[in-house]
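Asker: If you're matching them up, the sequences are chains A, B, C, D, E, F, G and H in order.
Heads up, the first sequence is in the working numbering, so the first residue is 29 and it goes up one at a time.
Heads up, the second sequence is in the working numbering, so the first residue is 29 and it goes up one at a time.
Heads up, the third sequence is in the working numbering, so the first residue is 139 and it goes up one at a time.
Heads up, the fourth sequence is in the working numbering, so the first residue is 139 and it goes up one at a time.
Heads up, the fifth sequence is in the working numbering, so the first residue is 312 and it goes up one at a time.
Heads up, the sixth sequence is in the working numbering, so the first residue is 312 and it goes up one at a time.
Heads up, the seventh sequence is in the working numbering, so the first residue is 10 and it goes up one at a time.
Heads up, the eighth sequence is in the working numbering, so the first residue is 10 and it goes up one at a time.
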Amino acid sequence: MEREIIFTGIGGQGIQLIAKILAEAAVEEGQHAMLFAVYGGMMRGGPSESTVVLGEAPIEAPPIIPHCWAILAMHPQGLDEMARKLRPGGLLFANQTLVKEAPRHDVRAIGLPATRIAEQAGNIAGASMVALGAFAASTGIVPFERVVEVMRASLPAHRRQRADENARFLEMGAAHMRPHGAVALMPASAAG
Amino acid sequence: MEREIIFTGIGGQGIQLIAKILAEAAVEEGQHAMLFAVYGGMMRGGPSESTVVLGEAPIEAPPIIPHCWAILAMHPQGLDEMARKLRPGGLLFANQTLVKEAPRHDVRAIGLPATRIAEQAGNIAGASMVALGAFAASTGIVPFERVVEVMRASLPAHRRQRADENARFLEMGAAHMRPHGAVALMPASAAG
Amino acid sequence: MRATVTIDIETCKGCALCVPVCPPAVLSMSEAVNGKGYRYPELVEGCTGCELCAKVCPDYCFEVYREPAGRREARP
Amino acid sequence: MRATVTIDIETCKGCALCVPVCPPAVLSMSEAVNGKGYRYPELVEGCTGCELCAKVCPDYCFEVYREPAGRREARP
Amino acid sequence: MSRRVLMEGSCAMAEGAIQAGCRFYAGYPITPSTEILEYMSARLPQVGGVCMNAESEIEAIGMVWGAAGCGVRSMIASTGQGISLMQESFAELANAQIPIVAVNMGRGQGDYFQSTRGGGHGDYRFIVLAPSTAQEAVSLVQDAFHLADKWRNPVMLMGDFLLAHTSELVEIGTPSEAPLPAKDWATTGAKGRRGLTLSPLGPSEKLSTDIASALAQATDKVAKMRAAEQRVETGYLDDAALVVVAFGFPGRFVKYAVKLARAEGLRVGFVRPISLWPFPAQAVAEAAAKAESIAVFELNGGQMIEDVQLAVLGRVPVQFIGGISHDHSGFGVGPALRVEHILARIKDVYPRAAA
Amino acid sequence: MSRRVLMEGSCAMAEGAIQAGCRFYAGYPITPSTEILEYMSARLPQVGGVCMNAESEIEAIGMVWGAAGCGVRSMIASTGQGISLMQESFAELANAQIPIVAVNMGRGQGDYFQSTRGGGHGDYRFIVLAPSTAQEAVSLVQDAFHLADKWRNPVMLMGDFLLAHTSELVEIGTPSEAPLPAKDWATTGAKGRRGLTLSPLGPSEKLSTDIASALAQATDKVAKMRAAEQRVETGYLDDAALVVVAFGFPGRFVKYAVKLARAEGLRVGFVRPISLWPFPAQAVAEAAAKAESIAVFELNGGQMIEDVQLAVLGRVPVQFIGGISHDHSGFGVGPALRVEHILARIKDVYPRAAA
Amino acid sequence: MNQPLAPTPSMQKVFDKPALLLSTEHSLCPGCGEPVAVRLMLELIAELGVRDRTICVAGIGCYTCFPMLMDIDVMQALHGRAPSVATGAKRVRPDAFIFTLQGDGDMASEGLQEVIHAAARGERFTAIMLNNGVFGETGGHATATTVLGQHTKTTMGGRKAEQHGHPIRMAELLAQMDGAAYVARGAVHTPAAIKTTRQYLHDAFQSQLDDKGFSFVEILTMCPTDWFVPPDKGPGWLEETFKKTFPLGVVKS
Amino acid sequence: MNQPLAPTPSMQKVFDKPALLLSTEHSLCPGCGEPVAVRLMLELIAELGVRDRTICVAGIGCYTCFPMLMDIDVMQALHGRAPSVATGAKRVRPDAFIFTLQGDGDMASEGLQEVIHAAARGERFTAIMLNNGVFGETGGHATATTVLGQHTKTTMGGRKAEQHGHPIRMAELLAQMDGAAYVARGAVHTPAAIKTTRQYLHDAFQSQLDDKGFSFVEILTMCPTDWFVPPDKGPGWLEETFKKTFPLGVVKS
Ligand SMILES: Cc1ncc(C[n+]2csc(CCOP(=O)(O)OP(=O)(O)O)c2C)c(N)n1
Ligand SMILES: Cc1ncc(C[n+]2csc(CCOP(=O)(O)OP(=O)(O)O)c2C)c(N)n1
Ligand code: SF4
Ligand code: SF4
Ligand code: SF4
Ligand code: SF4
C-alpha cells in the first residue's frame, strides 16, 4: 500500500528540505520512496510544494497524484485546493500559527503552532523542522530518531551547529505532540 | 535565341565587374539579360566566374548552363573544363598574356595580350577592361559606346578619374582588335 | 507628535532593514508574526519623519507623515 | 658576392612590399608578369643578406643565402 | 523606382522590402546574404530608415526585436550559422508576437526543417516563403511584411546562393495592402494610457499573472495560419503520370526540366510549394490523387519529402531524386543542380507503365 | 557507488555520466537543468574532472567543443532558450564529427522537432534518447557516451521538469562497454605524426581541399544510424484495439493510465519511443498493423505525431490526445499531465467498435 | 496598520509608496536590494516628467517580476539581450527615454558583449546593472562579478582565482569605451549610499536627455538569500566584502 | 628562380621558408599582412620546441586558409568562439601549448565576450588577434575596430562616431582583466615592427609556458584590398591612419 504525503507552504519555509528528509528516512527504513519537488522557475517566494510517496514495493504511480494520505501544510496559500486531494479520513497536519482553520471537516485535522514555537526558540526558520518532528512523532510513519539522523547526514560537516539547532527544533515538535498525542484537533471553522 | 557568355578568371581580376557591365549594356539596348556570379564564400584569390545570358525574350533557362556561345577567359585556371561547354564553332576569347594556348581546336579562338596591354598602360588591374573592350568591339554583341556609358554610370561621381582610366582601357582593347578584326586567332597548341 | 509612519505589516517580509537605520531608534521587530509568518516593525513614540526606514524598505511598507513646516514654527 | 636571395616568382603576387625595405635597393619589380599575371621582384648585384625582404613578404617567396662568416674573415 | 532594372536577387529583395515600408535592418555579413546588408546600409538612410551593421547575429536580431517592438517594419537576413544563432530569439519573438521579416539566404536547401519546424524551442511557427526568381523575391518580401503584421508573427523568406547572386530584370513598386489592425501592442511610451509590457514570457496587461493563456495566444494561431496561408505554383498536372515537387530557385530548374521532359513526350508535371510553412498539403494531395507517382527534388538529405509523404499518406509512391550537393568550396552550387541531371533523374523514376 | 540511493533524476543522470567516464562538463544555470550543473561542480573535481560554470550557453558549448575535441568525454545540459542558443554549435559539432552528450531538460515536450530534426542549419542529426525514470536516465546517459564515440556524433538526452525534479531509488554502476575505435581524430598535439585539423568546415588531412566529401562523411552516416539505433518499449500490444504512443516521463503516465484502462477491460496498449531519433518507425508500424486506431500523447502542439503518421502512412487513424500544458508559472507541469486526464482522453478516442 | 501612532489629520504625507508602481506586492526575498534600486528609477522617471515616453527594456533575473508592476511601457528582452533591444528601439524612436534593467548575470555574464558594443557605439540609452554577484533567480550560482572567496552553488569552497578566475568590474570596463558619456557605481545598502545612487541615476538619465551618449549605472544590491546570510546581515556583507571589489563613485562623466 | 645571382655552393641558407608550413601557397591577397604574422607564430613554436604539444584554435576569417597548411594540430572553431574552445582544451590538457588565431571581426565583433571572460578567468592560453579593422573575408565590412573615418562597405562615407560609434581597443580592454598576465600590441607593416611583434609573441608564449595566466597579442595587419589601397600602400595606410587609434607596445606584463 502506497502512502502519499503532500508538503505545502511558501518559498523560504524549507518545505523541500523536510520532504526530502522524510523520504530519505523512509528509505533508510527499507521502504521505497518517490519525491517530487515543485517550485516555480522564475518565481521567488511563490508557493512551494513537494510530494512524497512511500511504499513497501517499488512506486508505480507517477509523482503527480490525484489523491493523498496526508498533507503537511506550513502556510494556508493554496491549501483549500490542495486539501481536496485528501482521502476522506485523511490527515491534515497544519502549522496552526498561519493556518487558522481546516478547509475540510471529513479529515483528521491536527495542528501545532510551529512558527510560534520556532520563533520563541529564536529562529522562525526552524518552523518546518518543528512541524516535521511533530509529524513524524504523531504519525510514526518513520521512527523519530531516523529523521534526526538523516537530517544530520544531509548537512555538511561544517554545518554541525545548524544540525544541532535543527535537532532541537525537531525535538520541540515531537515534544509538543506527545502530551495531546494525535488529539490536538484544530477547529474546522472560526479562527482559533 | 539566347546567347550565353561565360567570364572566367581569378579573384581580383575584375571578372564580375566586366560581366555586369556587358549585361547592363545589353539591357540598355533593350535586350533581356540574366547574370550569375560565382565566387567562393570563404575563398580569396580563388577562381572567379560569371555567366551572362542575353536574349530578345525573357530568359527561361536557369543560370547554370550546360552549353555556351562564348567564353571570355582572363586566366587559364580551370579553363580546360570550362571550355567543354563551348558549342562547336563557339567563341573562345582569351587573355593571351596568361592563356598561352587554346584548349580546343573546334572553336574560334581569339586572343589578345590584355594583361600586357594594361601593364604597359601602367595598371595591370585594367586588363579586364581591355579584354571587355576588345570583346565588345570584335563581337559587336553590344555597341562599344554603350559599354563605356554603362561602365561610367556604374561608378560613383567621385570615382570619375577611375572612369576615365577604364574608358581608356576599353578603348585600347577595341583599338587592338580593329586591325586584325576577328582574325587574331591564337595557337591551339605550342605556347606562342 | 511631529511625525509618524504607517507600516503595511502584512506586506512586510521581516527583513528588519528598517530597524537599525532609524536615528531615534523608534522601530523594533514585533513578537507576533504576520499572515506570511514574518515579524514586522513596530513604532514607538518619537518618529522624526526622516524617511530613512521608507527608503531602505525593499517591500515599500512605509508611508511617512509630518506636520507641515508652517504649523510647527507657529508653535511656541 | 657575399649574399643573395632566391625569389619564387611564380608564387609572388606582385604586392611589391619587398622593394622599399631593401636597404641596398637591389630589388625592383619586373616588366614581365608571371603565370598569375603579376609582376615580381628582380634582384641586381649587391644583396647584403639582411633578410628584410623575406620578413615582409606575405607570400614567402624569398630564401636568403650568405657566405659563412668564417670564410669571409679568411679573406684578406 | 518602378522601371525594369537588372538586379541581383538579394538587392531586389532589399529594395522590395524598402518599398513595402521596411525602415529598420540589422545584419552581420555572411555569404551569400551580405549583399542585402550592403544594399540596406546604402539605401535605408536615403529613405529615413536605419541600417545597423551589428557586431554579431545575436545582437542583430536583438536590435530588430527592439525596432519591431516599437512598431517599425524591420528585417534581418543571414545564412546557415547566422540563422542558427538566432533560434532563441526567433522562438521568443514568436511568443512575444512581434512581427519581423527574416531572410535565410541558405547555401543549399538543408535548412528546410529548421525553418518549417522551428529550430528554436517550443511550438511556434514562422510563415516561410520561398521565391524562385528575383521578381518573386520582391513580391514575396512585400507580402511577408503584410503577413507578419496581419498575424503578429515572424515571416521568413528562404532564398539561396543562386537567388542571391543571379541578376535579372525586375520591376519594384510600392505594394497596396489590405488594411491592418493598429499596432496597439507596440511599446511607444505610455502617453495617455496605462503602461504595457511586450514580452515573450507573459501577458501585456500589467498585474495579470495568467502566463499560460498569454503563451497560448502565440500557439493558438498556428492552426489558423496553417489553414489560411498555403501558397503553391503547379504546372502540367492534368495528365501527369509523374509529379515532381521542388521549391525555391531549384524549383525553377525543375520547372525547366519538366518542360524539356514534356518536349520529349513524358507526362510529367510539377508542384512548387511557395509557402514552405504552411506546406501546401492540399495541392500535393490533389496532384497525388491523379498521378501515378511523386518525385521530390531538394538540395538536401531529404526534408521536404516528409511533408510530401504526410500529404500523400501512402496513396502513391514518393521517390527522392534530390540530394546534398555543394561545390568543393562547401557552399557554392553543386553538380546535382543542373537541368540535364534533373531531367535524367526524372527519367529514372518515370513510371514504366506510363512510358 | 553501486548501492540503491534516493536521487533526483538530474543528479542520477549526472552521476551516471561520471561513472561512464565523463570528465568535462560546462553549463549555465537554467531551470530545470541547474541541478546537473550544481552536481557536476561538486562531483567532477573529486574524480579529477573539470566543471565550468560558463558565462553563457554559447561559451559553455564552446568549452565542451574544446574538451571533446581533445578526446575527453564531455557533457552539457540546458533547457529551452539555452538549447536554442547552442544550435549553431550543435550543427557544426555534428559536421566536425565531435562526440558530445547534450541534455535538454525541457519544460514541456515542445522541443521534439528541434531535437529530432536538428534546430541548426543543414542535414545533421543527433541521436536523441528520452528516459522516463531516473534509473533509465542513468542507463541512457551511459549508452549516450558510448553511442557518441561509436558514431562520432553528438547524442542528446531529452528530459523534462518531472524527470529532473523527481527523486527515486537508483543504482548507479560503471557500465561495461563494447570496444571502441581509438580517437585518432582528436587534437592532442602532433607528437610523432603530421598535424591534423579537427574542423566542421573541411577535411582533417592537411593540404586536402576536398571539402565536399569531408562534409559528406558527417551526413552519410545518418542513414546508418537511423537503421541501427532505434529503441522502444511496448506493452499490451497483442490484442490492443487502441495503441497510445508517448515518450519520456509523460510516457510513464501513459503506461500507468493504460494499465488502469486494462483494469477497466479496455483493450489498450502503448508504444514508448526511447530513441526519438532515430524514431522507432518499425515498432509503430507493427503496432498499427494490428490495432484499429493509434493515439498520440505528447505535451506540445503535436510534433511526434508526424513521425507516427509517417510510420503508419494512413493505414489506421492517428489521433492526437496531447497538447500544450504548463502551470501558470509557464514552465511547471500543466493540467494535461494527470493520469485521470489521460485515462479520460483514452476513453474519448477508444474505438466504438472495440468498446 | 498600527492605530496608536496613526497620522493626525493635520499631518501631510511626505513619503509615499513608489511612484509608477501599480502594486507594491512583489515576490522578491526578504532584504533584497533590488526593489530599493527599482524605486529610485521610478521616482526619477516621474520627477523628470518622462514617463509618457519611457521604454524600459528588462533583462531576466529576479527583478523581472517588476515589469508587470511598473506603469510604464516595458519591453521584456531575453536573458542578456537588453542592450541590443534598447539599441533597436532608440534608433527608431530617438525621442523615447530608454533604459535597460539588468542584473550582473544578465549583463556581465550572458550578454557581456551586448553592452560593451552598445557603449562603444555610444547608443543613447541608459543601462542599469543590479549587481549582487550571483544568479539570484536560479538559486545562487557564480556570475562574472562573483567576488573572490564568495560562496555560491558553483563555487562551494568560495571563488578561487586559479580555478574560477576573477570578477569583472563593469563600470570601469564600460568607462573605457569612447562612446560612454556617463558611468558610475552606487549601492543600496545604507541610506547614504541610496542617496548618492539616486543622484547617479539622475545624472545618467540627464545625460541621455542631453543626448550625450551611452550612460551606465551599476548598483550593488543585497542578495541575502544567495549570499547565505540572514536578511538583516545583507547590508553588512555588502559593505565589508562585496564593496571591497567594487568601489563606489562616478567613474566617468 | 633567377639564375644570374644564384647562391654559390659555398653559401649557407640563412633564411628559409617558414617552419611548420606544409605548403607556402596560400590564397590571401597581394600585400596582406596576415601571412607575415602567421610566419612569426610558426617560427616561435619551432624555436620554443613546443610543436608536439601545440594546439592552435582557429577563428574564421581570411587567415582560416592556414590551418590546412600548418603542420600542427588545429581545432577549427566557429566564428567568434575560439576562446571558449581553447578554454575547454586547455582545461582538459593543461600540458598542451594552446593559442587562438582570430581576426578583429572574429574576436572583437562576433565573439567579444568570449575573450573577455577567458581573460577574466585567467585561462592559460595565448590569444592572438590579427587586427585589420575589417571583415576581410566577406569583402570589407566594418568591425568593432574599424577606425573613425575608415571607408568600408557598411561605412561608405567613412566611419562616423555619431552613426557607427567608436572602435574598441582590445589590448587596453583585455589588460584591465585581472586574469590577464601579458598583453601587447604589435604590427607587421615594417621590418622593425615585425621584429618587436615577434618579441611580443615570444613573451606571450613564454608566459603561457610559465603558467602565468592569460596572454594576448594584438597584431595590426595590412588589408589593402578592403582598405581600398594598392598592395604597396598598405603599410603606409597602417602607419598613417590605422595605427593612430591603436598605439603599439606592451600594455601589461
Ligand atoms: C538564455 C537563458 N539562459 C538562462 C536563463 C535562466 N536564468 C533566468 S534568470 C537567470 C540569472 C539572472 O541573474 P541576474 O541577472 O544576476 O539577476 P538576479 O537573479 O541575480 O537578480 C538565469 C541564468 C534564461 N532565462 N535564459
Ligand atoms: C556565425 C558566422 N557569422 C558570419 C560568418 C561569415 N564570416 C566569415 S569570416 C567573417 C569575417 C572575418 O573577419 P576577421 O575575423 O576580421 O578576419 P579577416 O577576414 O579580416 O581576416 C565573417 C563575418 C561566419 N562564418 N559565421
Ligand atoms: S524593511 Fe520593510 S520589509 Fe523589512 S522589516 Fe522593515 S518594513 Fe518589513
Ligand atoms: S521616519 Fe525616520 S524616525 Fe521615523 S521611523 Fe522612519 S526612520 Fe525612524
Ligand atoms: S534571490 Fe537575491 S536577488 Fe533574488 S530576490 Fe532573493 S534576495 Fe533578491
Ligand atoms: S581581404 Fe584583406 S585580410 Fe583578407 S586576404 Fe585580402 S588582404 Fe588579407
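Even glycine gets a Cβ: it sits at the ideal position worked out from N, Cα and C.
No experiment lies behind these values; they were computed from the predicted model shown.
(1) Chain D partners of B:His103, CB-CB under 8 Å?
(2) Out of F:Arg573, F:Tyr661 and F:Ala337, which has the shortest C-alpha to C-alpha gap to F:Glu349?
(3) Can you pull the chain F neighbours of E:Ser304, defined as C-beta to C-beta under 7 Å?
(4) Anything in chain F within Cβ reach of G:Thr147, meaning under 8 Å, just list it in chain order.
(5) With respect to the beta strand (DSSP E) encompassing A:Leu100, which residues constitute its N-terminal and C-terminal limits?
(6) Considering just the uninterrupted stretch of the beta strand (DSSP E) at E:Asn406, what are its terminal residues?
(7) Do you know offhand how far H:Pro244's Cα is from G:Ala170's?
(8) Measuring only from the beta carbon, is F:Gln453 closer than 8 Å to any heavy atom that is part of ligand 1?
(9) Would the C-beta of H:Glu34 count as close to ligand 6, meaning under 8 Å from any of its heavy atoms?
(10) So is the beta-carbon of C:Tyr176 under 8 Å away from any non-hydrogen atom of ligand 3?
(11) Can you find a CB in chain B that lies within less than 9 Å of the CB of E:Ser308?
(12) Could you list which residues in chain G have their beta carbon closer than 7 Å to that of E:Glu370, in chain order?
(13) Measuring only from the beta carbon, is F:Met351 closer than 8 Å to any heavy atom that is part of ligand 5?
(14) Based on the DSSP secondary-structure assignment, which residues constitute the bridge partners of D:Ala141?
(15) Just the chain B side, please: which residues come within less than 9 Å of D:Val171 by C-beta, in chain order?
(16) Which bits of chain F does H:Ala105 rub up against, with CB to CB less than 7 Å?
(17) Let's test the definition: count the other Cβ atoms within 10 Å of the Cβ of F:Met312 and tell me whether it reaches 16, buried, or not, exposed.
(18) Residues in the region 71 to 101 of chain A with C-beta within 8 Å of chain F's C-beta atoms, listed in sequence order?
(19) Please state the DSSP three-state secondary structure of F:Tyr336.
(20) List, in chain order, every chain F residue whose beta-carbon is nearer than 8 Å to that of A:Glu52.
(21) What is the DSSP secondary structure of E:Leu491, counted as helix, strand or coil?
(22) Taking the alpha carbon of B:Ala101 as the point to measure from, which residue in B:Val176, B:Glu84, B:Leu183 and B:Gly37 has its own alpha carbon closest?
(23) Got a sec, what are the start and stop residues for the alpha helix (DSSP H) F:Glu516 sits in?
(24) Can we count C:Asp197 as close to ligand 2, meaning its CB is less than 8 Å from some heavy atom?
(25) Can you have a look at G:Ser32 and say buried or exposed, based on whether 16 or more other CB atoms are within 10 angstroms of its CB?
(26) G:Val23 CB to nearest chain C CB: under 9 Å?
(27) Would you call E:Ser352 buried or exposed, if buried means 16 or more other Cβ atoms sit within 10 Å of its Cβ?
(28) Please determine whether the Cβ atom of C:Pro179 lies at a distance below 8 Å from any heavy atom of ligand 3.
(29) Using C-beta distances below 7 Å, list every residue in its chain close to B:Ala111, excluding the 5 sequence neighbours before and after it, in chain order.
Answerer: Let's see:
(1) In the second sequence, counting from the first residue as 1, residue 103 of chain B sits at position 75. Simply Lys174 and Gly175.
(2) Taking the first residue of the sixth sequence as 1, we reach residue 349 of chain F at position 38. Sorting F:Arg573, F:Tyr661 and F:Ala337 by C-alpha distance to the C-alpha of F:Glu349 places F:Ala337 at the top.
(3) Here chain E covers residues 312 to 666 and nothing more, so residue 304 of chain E does not appear.
(4) Taking the first residue of the seventh sequence as position 1, residue 147 of chain G is located at position 138. Here the neighbours are Pro340, Ile341, Thr342 and Thr345.
(5) Position 72 of the first sequence, counting from 1, holds the residue named residue 100 of chain A. Counting along the chain, the beta strand (DSSP E) containing A:Leu100 begins and ends at Cys96 to Ala101.
(6) Translated into the one-based positions of the fifth sequence, residue 406 of chain E becomes position 95. From DSSP, E:Asn406 is part of no beta strand (DSSP E) but of the alpha helix (DSSP H) over Gln398 to Ala407.
(7) Position 235 of the eighth sequence holds residue 244 of chain H. Position 161 of the seventh sequence holds residue 170 of chain G. Near 41 Å, if we compare the C-alpha coordinates of G:Ala170 and H:Pro244.
(8) Against the sixth sequence, residue 453 of chain F aligns to sequence position 142. F:Gln453 Cβ: outside cutoff for every heavy atom of ligand 1.
(9) Position 25 of the eighth sequence, counting from 1, holds the residue named residue 34 of chain H. Proximity of the beta carbon of H:Glu34 to ligand 6 is not indicated: no heavy atom of the ligand is located closer than 8 Å.
(10) Translated into positions along the third sequence, residue 176 of chain C becomes position 38. Annotation for C:Tyr176 indicates a beta carbon within 8 Å of some heavy atom of ligand 3.
(11) No answer is possible for residue 308 of chain E: it lies beyond the span of chain E, which begins at 312 and ends at 666.
(12) Here residue 370 of chain E corresponds to residue number 59 of the fifth sequence, with the count starting at 1. Under the 7 Å cutoff, chain G gives Ser93, Glu123 and His126.
(13) Along the sixth sequence, one-based indexing puts residue 351 of chain F at 40. Answer for F:Met351: no, Cβ out of range of ligand 5.
(14) Mapped onto the fourth sequence, residue 141 of chain D falls at position 3. Answer is D:Arg204, bridged to D:Ala141.
(15) Numbered from 1 along the fourth sequence, position 33 holds the residue referred to as residue 171 of chain D. Those within 9 Å of D:Val171 in chain B are Thr125, Leu126, Thr143, Arg144, Glu147 and Ile152.
(16) For the purposes of this step, residue 105 of chain H is taken as residue 96 along the eighth sequence, with counting starting at 1. The contacting residues are Gly500.
(17) Taking the sixth sequence and counting its residues from 1, the one referred to as residue 312 of chain F is at position 1. Residue confidence for F:Met312 is low, a pLDDT of 43 falling below 50, so the modelled location carries little weight; the figure read from the coordinates is stated next. The residue is exposed, with fewer than 16 neighbouring Cβ atoms inside 10 Å.
(18) Flagged, chain order: Met71, Gly74, Pro86, Ile87, Glu88, Ala89, Pro90, Pro91, Ile92 and Pro94.
(19) Residue mapping note: residue 336 of chain F aligns to position 25 of the sixth sequence, counting from 1. Reduced to three states, the DSSP call for F:Tyr336 is strand.
(20) Looking up residue 52 of chain A in the first sequence gives position 24. The contacting residues are Leu317.
(21) Taking the fifth sequence and counting its residues from 1, one reaches residue 491 of chain E at position 180. In the three-state reduction of the DSSP assignment, E:Leu491 falls in the coil class.
(22) Here residue 101 of chain B refers to the residue found at position 73 of the second sequence. Taking each of B:Val176, B:Glu84, B:Leu183 and B:Gly37 in turn and checking the Cα distance to B:Ala101, the smallest one comes out for B:Gly37.
(23) Counted from its first residue, the sixth sequence places residue 516 of chain F at position 205. Looking at the DSSP string, F:Glu516 is not in any alpha helix (DSSP H), and its letter there is neither H nor E.
(24) Within the third sequence, residue 197 of chain C is the residue found at index 59, counting from 1. The answer is no for C:Asp197.
(25) Residue numbering aside, residue 32 of chain G sits at position 23 when the seventh sequence is read from its first letter. Exposed, because fewer than 16 other Cβ atoms sit within 10 Å of the Cβ of G:Ser32.
(26) One-based indexing of the seventh sequence puts residue 23 of chain G at position 14. Chain C contact via Cβ: present.
(27) Along the fifth sequence, read from residue 1 onward, the residue named residue 352 of chain E stands at position 41. By the 10 Å Cβ count, E:Ser352 comes out buried.
(28) For this step, residue 179 of chain C is matched to residue 41 along the third sequence. For ligand 3, at least one heavy atom lies less than 8 Å from the Cβ of C:Pro179.
(29) What you label residue 111 of chain B is simply residue 83 of the second sequence in a count that begins at 1. Once the five neighbours on either side are set aside, the close Cβ partners of B:Ala111 are Ile99, Leu120, Pro131 and Arg132.
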